[in-house]
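K.L.:
Here the protein sequences come in this chain order: A and B. Counting along the first sequence from 1, when you hit position 114 you're at 114 in our numbering, and nothing is skipped either side. Our numbering runs 325 ahead of the 1-based position in the second sequence.
Protein chains: 2
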Amino acid sequence: MQKIQDYILLINKELSSIDYSNKEPKELYLPIKYSLELGGKRLRPALLLLANDLFGGKAEEAINAALAIEIFHNFTLLHDDIMDNAPLRRNQPTVFKKWNANIAILSGDVMFVESIQFLAKSNPKYLSEILNLFNLTAIEVCEGQQLDMNFETLDTVSIDNYLNMIELKTAVLLASSLKIGAILADASKEDANHIYEFGKNLGVAFQLMDDILDLYGNPEKFGKQIGGDVIANKKTYLLLKAKELAKDNLKKELDFCLTSAVLDKETKVKRVAKIFDSLKIKQRAEEEMNLFYNSALAHLDSVNAPQEKKKIFEDFAKALMNRES
Amino acid sequence: MQKIQDYILLINKELSSIDYSNKEPKELYLPIKYSLELGGKRLRPALLLLANDLFGGKAEEAINAALAIEIFHNFTLLHDDIMDNAPLRRNQPTVFKKWNANIAILSGDVMFVESIQFLAKSNPKYLSEILNLFNLTAIEVCEGQQLDMNFETLDTVSIDNYLNMIELKTAVLLASSLKIGAILADASKEDANHIYEFGKNLGVAFQLMDDILDLYGNPEKFGKQIGGDVIANKKTYLLLKAKELAKDNLKKELDFCLTSAVLDKETKVKRVAKIFDSLKIKQRAEEEMNLFYNSALAHLDSVNAPQEKKKIFEDFAKALMNRES
Numbered sequence: 001m002q003k004i005q006d007y008i009l010l011i012n013k014e015l016s017s018i019d020y021s022n023k024e025p026k027e028l029y030l031p032i033k034y035s036l037e038l039g040g041k042r043l044r045p046a047l048l049l050l051a052n053d054l055f056g057g058k059a060e061e062a063i064n065a066a067l068a069i070e071i072f073h074n075f076t077l078l079h080d081d082i083m084d085n086a087p088l089r090r091n092q093p094t095v096f097k098k099w100n101a102n103i104a105i106l107s108g109d110v111m112f113v114e115s116i117q118f119l120a121k122s123n124p125k126y127l128s129e130i131l132n133l134f135n136l137t138a139i140e141v142c143e144g145q146q147l148d149m150n151f152e153t154l155d156t157v158s159i160d161n162y163l164n165m166i167e168l169k170t171a172v173l174l175a176s177s178l179k180i181g182a183i184l185a186d187a188s189k190e191d192a193n194h195i196y197e198f199g200k201n202l203g204v205a206f207q208l209m210d211d212i213l214d215l216y217g218n219p220e221k222f223g224k225q226i227g228g229d230v231i232a233n234k235k236t237y238l239l240l241k242a243k244e245l246a247k248d249n250l251k252k253e254l255d256f257c258l259t260s261a262v263l264d265k266e267t268k269v270k271r272v273a274k275i276f277d278s279l280k281i282k283q284r285a286e287e288e289m290n291l292f293y294n295s296a297l298a299h300l301d302s303v304n305a306p307q308e309k310k311k312i313f314e315d316f317a318k319a320l321m322n323r324e325s
Numbered sequence: 326m327q328k329i330q331d332y333i334l335l336i337n338k339e340l341s342s343i344d345y346s347n348k349e350p351k352e353l354y355l356p357i358k359y360s361l362e363l364g365g366k367r368l369r370p371a372l373l374l375l376a377n378d379l380f381g382g383k384a385e386e387a388i389n390a391a392l393a394i395e396i397f398h399n400f401t402l403l404h405d406d407i408m409d410n411a412p413l414r415r416n417q418p419t420v421f422k423k424w425n426a427n428i429a430i431l432s433g434d435v436m437f438v439e440s441i442q443f444l445a446k447s448n449p450k451y452l453s454e455i456l457n458l459f460n461l462t463a464i465e466v467c468e469g470q471q472l473d474m475n476f477e478t479l480d481t482v483s484i485d486n487y488l489n490m491i492e493l494k495t496a497v498l499l500a501s502s503l504k505i506g507a508i509l510a511d512a513s514k515e516d517a518n519h520i521y522e523f524g525k526n527l528g529v530a531f532q533l534m535d536d537i538l539d540l541y542g543n544p545e546k547f548g549k550q551i552g553g554d555v556i557a558n559k560k561t562y563l564l565l566k567a568k569e570l571a572k573d574n575l576k577k578e579l580d581f582c583l584t585s586a587v588l589d590k591e592t593k594v595k596r597v598a599k600i601f602d603s604l605k606i607k608q609r610a611e612e613e614m615n616l617f618y619n620s621a622l623a624h625l626d627s628v629n630a631p632q633e634k635k636k637i638f639e640d641f642a643k644a645l646m647n648r649e650s
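1) Please tell me whether ILE407/B has its Cβ less than 8 Å away from any Cβ of chain A.
2) Please list, in chain order, all residues of the same chain as LEU604/B whose beta carbon is under 6 Å from its beta carbon, the five residues on each side excluded.
3) So if I threshold CB-CB distances at 7 Å, which residues from the region 26-46 of chain A count as touching chain B?
4) Where does SER177/A land, buried or exposed, given buried means 16+ other C-beta within 10 angstroms?
5) Tell me the rounded alpha-carbon separation between ALA598/B and GLY469/B.
6) Classify ARG44/A as helix, strand or coil using the three-state DSSP reduction.
7) State buried or exposed for ASP247/A, treating a residue as buried only when at least 16 other CB atoms are found within 10 Å of its CB.
8) Apart from the five residues just before and just after ILE606/B, which ones in its own chain have a Cβ nearer than 7 Å to its Cβ?
9) Just to make sure I have the definition right: I need the residues of chain A whose C-beta is within less than 8 Å of the C-beta of ASP480/B. Which are they?
10) Closer than 7 Å between beta carbons: that is the criterion. Which residues of the region 430-453 of chain B meet it against chain A?
11) Where does ASN218/A land, buried or exposed, given buried means 16+ other C-beta within 10 angstroms?
12) With DSSP as the reference, label PRO124/A as helix, strand or coil.
13) Can you tell me which of the three DSSP states GLN92/A falls into?
14) Would you check if there are 3 or more beta carbon pairs closer than 8 Å linking the region 339-359 of chain B to the region 430-446 of chain B?
15) Check whether the Cβ of TYR20/A lies closer than 7 Å to any heavy atom of the ligand PLP, and answer yes or no.
16) Assuming LEU78/A and ALA104/A make a contact with CB atoms under 8 Å, what is their CB distance in whole Å?
17) If we count Cβ pairs, one from each stretch, closer than 8 Å, do we get three or more for the region 391-405 of chain B versus the region 361-374 of chain B?
18) Mind reading off the beta-carbon distance from ASP511/B to PHE638/B? Whole number of angstroms is fine, and I expect it under 8 Å.
19) Between the alpha carbons of ASP602/B and ASN574/B, how many angstroms are there, rounded?
20) In chain order, which continuous runs of the alpha helix (DSSP H) of length 4 or greater are located wholly inside the region 478-526 of chain B?
21) Would the region 519-526 of chain B and the region 490-510 of chain B be scored as touching if the rule is three or more Cβ pairs under 8 Å?
22) Answer with buried or exposed for GLN146/A, where buried requires no fewer than 16 other C-beta atoms within 10 angstroms of its C-beta.
23) Looking at C-beta atoms only, is the number of pairs between the region 382-390 of chain B and the region 330-341 of chain B that lie closer than 8 Å three or more?
24) Note down, in chain order, all residues in the region 132-143 of chain A with a beta-carbon under 7 Å from any beta-carbon belonging to chain B.
25) Restricting to Cα atoms, I'd like to know which of LYS234/A, GLU37/A, LEU291/A, LYS125/A is closest to PHE151/A.
26) Considering only residues of the same chain and omitting the five flanking positions on each side of ILE212/A, which have a CB-CB separation below 6 Å?
27) How would you call ALA554/B, buried or exposed, if buried means at least 16 neighbouring beta carbons within 10 angstroms?
28) Specify, as a first and last residue, the run of the alpha helix (DSSP H) that TYR354/B falls within.
29) Over the uninterrupted alpha helix (DSSP H) stretch that includes MET1/A, give me the two end residues.
30) Determine the direct distance from the alpha carbon of TYR34/A to that of LEU133/A, and round the result to whole angstroms.
31) Below 8 Å on C-beta distance, what does HIS79/A contact in chain B?
32) For the region 40-85 of chain A, list the alpha helix (DSSP H) runs that are entirely contained and at least 4 residues long, ordered along the chain.
33) Does the region 481-495 of chain B come within contact of the region 528-535 of chain B, defined as at least 3 CB pairs closer than 8 Å?
34) Taking C-beta to C-beta, are ALA305/A and ASP191/A nearer than 8 Å?
35) Could you tell me whether the Cβ of ILE565/B comes closer than 8 Å to any Cβ of chain A?
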């Protein structure tokens with residue numbers, strides 16, 4: 001995993017070398033600087049560089065595309081935070097709260113353009129292909145965000161529709177990051193597609209793990225309130241599966257927990273957890289997650305690349321699945 | 326001018342052939358369809374095609390870039406309308422009012438991606454060059470919008486800063502449309518730059534004409550309330566020039582008109598018009614406009630292209646300057 005750490009350092013170094021402080025108007029550029037300095041795991045750009053390395057590419061020829069992905073990702077956060085009315089991001093005020101919605105809209109727009117600018121610095125030989133993939137992915141991410149917002153006002157959502165939403169909102173950007181890295185290393189079409197599918201399936205598994213950790217994570221390491229999704233009636237895999245399976249008294253009890261105005265938060269979490277236990281929701285979610293995880297590994301296995309390099313991806317996937325928070 | 330009319334028909338035909346009705350989620354795509362169906366003069370994409378023709382290009386090889394420009398322009402309107410809290414656009418409810426701000430943000434984001442998608446369909450030989458120009462222009466347009474918003478909260482703004490703002494917010498997109506058309510027709514660097522400068526200067530002249538028409542347009546043809554900018558204390562060239570020049574009693578009278586809560590609209594317009602007359606504001610604005618207009622024509626003159634084709638640009642520029650509304 002040292003390689004990933006090195007890439008993360010490189011990405012942070014490159015991001016901090018962009019000179020936003022001297023650009024005018026400041027109202028447009030300081031929020032961009034702020035949002036990029038909030039940190040984040042930089043997993044997408046690091047995986048782009050790692051996929052590039054997997055197929056024998058050089059980091060210096062893929063770094064601009066990696067920056068494009070990270071800036072694009074942060075652009076989506078800026079706009080999502082407005083739409084979700086989110087006050088905090090990485091324990092700091094969101095741009096939308098620290099400045100205002102207009103500034104978050106326009107700074108976000110500029111970040112989007114900048115992401116295309118970085119992408120456009122890539123080898124012209126591959127530009128058309130990675131640009132098309134990037135655009136398609138950007139649209140899918142927007143569609144995922146819209147579906148997520150639509151789901152909030154629906155009574156319930158099928159598991160298939162939920163999985164489609166998290167694939168669009170979360171997984172395809174991870175997948176495209178890997179594929180862009182592969183394309184820039186002149187990987188074969190088959191290999192580029194396998195690494196894309198590895199990322200897409202891993203991305204869905206990752207999000208399902210997130211859903212599971214909300215209720216079953218290690219409270220000491222979780223860093224958020226355990227059961228936060230339950231308290232907010234968030235339509236996670238756990239809740240949707242429970243709604244699908246609960247019958248008779250369990251259904252009544254679940255409906256009560258979801259609609260009662262008198263239940264305190266702690267009791268609500270306890271009672272919902274009990275319903276989930278009766279329906280084996282955790283196990284079912286883990287089974288679903290493992291389907292995606294195993295599919296990811298199968299695609300990785302099909303990639304034609306040195307075994308010791310593929311091992312890094314496997315270890316990375318394992319680490320994501322074995323996290324407690 | 327028949328050529329421009331033909332291009333506008335072509336652009337509208339192509340725009341209406343994009344199938345948004347069957348795309349999901351509908352909340353994302355119906356607002357895009359709506360905003361593109363609101364109409365608009367389609368001047369930017371028509372000029373792109375005209376510039377392409379000027380240098381011997383074929384419309385079918387420039388049409389995708391033209392659609393990119395028009396969709397990008399409409400994306401900026403979607404986001405600007407949120408920021409400006411504008412209820413109407415082309416006499417119809419804005420997307421932001423008809424749906425909501427979140428939908429206008431996200432539909433706008435998708436339109437932006439789509440504009441890049443259309444651009445990316447252009448001849449790969451020129452893709453890198455037109456993409457870089459497009460990106461730079463997109464950033465300038467955002468900077469112009471931010472400056473425009475900043476100006477609202479400032480007591481006054483220098484004429485230089487105002488001209489810089491309208492150049493960014495309005496003129497560079499017109500200029501880039503022309504230059505992209507030229508690049509796609511393999512025009513020389515010099516010619517592409519001259520047609521860019523023609524568009525930029527004409528764009529500034531056009532905006533100054535807009536400022537003048539607010540107070541001095543033909544009321545029967547203007548279609549808006551005469552003096553709407555005056556009533557709103559909008560920092561147009563006219564007002565900024567008056568603030569720069571007014572001294573002593575005229576300054577007091579102007580300050581009174583701008584701050585009085587008792588003046589009715591009609592009286593306010595009359596009294597401000599009288600101040601403008603004393604300071605010869607209309608003439609000064611026309612002089613400034615003519616500087617840009619003449620500069621535009623000088624750049625057109627320097628373009629190495631058939632005279633009869635350049636004549637269409639000249640006639641078009643003249644028509645823009647001689648409009649009464």
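Using N, Cα and C, we set each Cβ at its ideal position, and we do this for glycine too. Remember, it's a predicted structure, so these values are computed and weren't measured experimentally.
P.N.:
With the given structure in hand:
1) Translated into the one-based positions of the second sequence, residue 407/B becomes position 82. Judged by the 8 Å Cβ criterion, ILE407/B is in contact with chain A.
2) Taking the second sequence and counting its residues from 1, one reaches residue 604/B at position 279. For LEU604/B, where only same-chain residues beyond five positions count, the Cβ hits under 6 Å are ALA567, LEU570.
3) GLU27, LEU28
4) Reading the first sequence from its first residue, position 177 is the one you call residue 177/A. So SER177/A counts as buried.
5) Numbered from 1 along the second sequence, position 273 holds the residue referred to as residue 598/B. Numbered from 1 along the second sequence, position 144 holds the residue referred to as residue 469/B. One C-alpha to the other measures close to 28 Å.
6) The residue labelled residue 44/A in the question sits at position 44 within the first sequence. It is helical.
7) For this step, residue 247/A is matched to residue 247 along the first sequence. In the sequence on display, residue 247/A carries Lys and not Asp. Answer is exposed; the Cβ neighbour count stays below 16.
8) Counting from 1 along the second sequence, the entry for residue 606/B is found at position 281. Taken in chain order, the residues that qualify are LEU563, LYS566, ALA567.
9) Reading the second sequence from its first residue, position 155 is the one you call residue 480/B. Chain A residues near ASP480/B: none, gap ~17 Å exceeds 8 Å.
10) ILE430, LEU431, ASP434, VAL435, PHE437, VAL438, ILE441, GLN442, ALA445, PRO449, LEU452, SER453
11) Numbered from its first residue, the first sequence carries residue 218/A at position 218. Result: exposed.
12) The residue labelled residue 124/A in the question sits at position 124 within the first sequence. Three-state result, PRO124/A: helix.
13) Within the first sequence, residue 92/A is the residue found at index 92, counting from 1. In this structure, GLN92/A counts as strand in the three-state DSSP scheme.
14) yes
15) The ligand content of the structure shown is nil, which means the ligand PLP is not present either.
16) Here residue 78/A refers to the residue found at position 78 of the first sequence. Here residue 104/A refers to the residue found at position 104 of the first sequence. Sure, about 5 Å apart at Cβ, within 8 Å.
17) yes
18) In the second sequence, residue 511/B corresponds to position 186, counting from 1. In the second sequence, residue 638/B corresponds to position 313, counting from 1. Not confirmed; about 19 Å, so no contact.
19) As a position in the second sequence, residue 602/B is number 277, starting the count at 1. As a position in the second sequence, residue 574/B is number 249, starting the count at 1. Distance between the alpha carbons of ASP602/B and ASN574/B is about 14 Å.
20) 484-491, 497-509
21) yes
22) Counting from 1 along the first sequence, the entry for residue 146/A is found at position 146. It counts as buried.
23) yes
24) ASN132, ASN135, ALA138, ILE139, CYS142, GLU143
25) In the first sequence, residue 151/A corresponds to position 151, counting from 1. Among LYS234/A, GLU37/A, LEU291/A, LYS125/A, the Cα nearest to that of PHE151/A belongs to LYS234/A.
26) For this step, residue 212/A is matched to residue 212 along the first sequence. So the qualifying residues of the chain are ALA285.
27) Residue numbering aside, residue 554/B sits at position 229 when the second sequence is read from its first letter. Note that residue 554/B is Asp in the sequence shown here, rather than Ala. Classification of ASP554/B: buried, given that the 10 Å Cβ count is 16 or more.
28) Your numbering for residue 354/B matches position 29 in the second sequence. Counting along the chain, the alpha helix (DSSP H) containing TYR354/B begins and ends at 351-362.
29) In the first sequence, the residue the question calls residue 1/A occupies position 1. Note, MET1/A: premise wrong, no alpha helix (DSSP H); not H, not E.
30) Counting from one through the first sequence, the residue named residue 133/A turns up at place 133. Counting from one through the first sequence, the residue named residue 34/A turns up at place 34. Cα-Cα distance, rounded: 28 Å.
31) Position 79 of the first sequence holds residue 79/A. Going along chain B in sequence order, the residues near HIS79/A (Cβ under 8 Å) are ILE430, LEU431, ASP434.
32) 43-54, 59-83
33) yes
34) Numbered from 1 along the first sequence, position 305 holds the residue referred to as residue 305/A. Numbered from 1 along the first sequence, position 191 holds the residue referred to as residue 191/A. In contact: ALA305/A and ASP191/A (Cβ atoms closer than 8 Å).
35) Against the second sequence, residue 565/B aligns to sequence position 240. According to the sequence as given, residue 565/B is Leu; it is not Ile. False, the Cβ-Cβ gap to chain A never drops below 8 Å.
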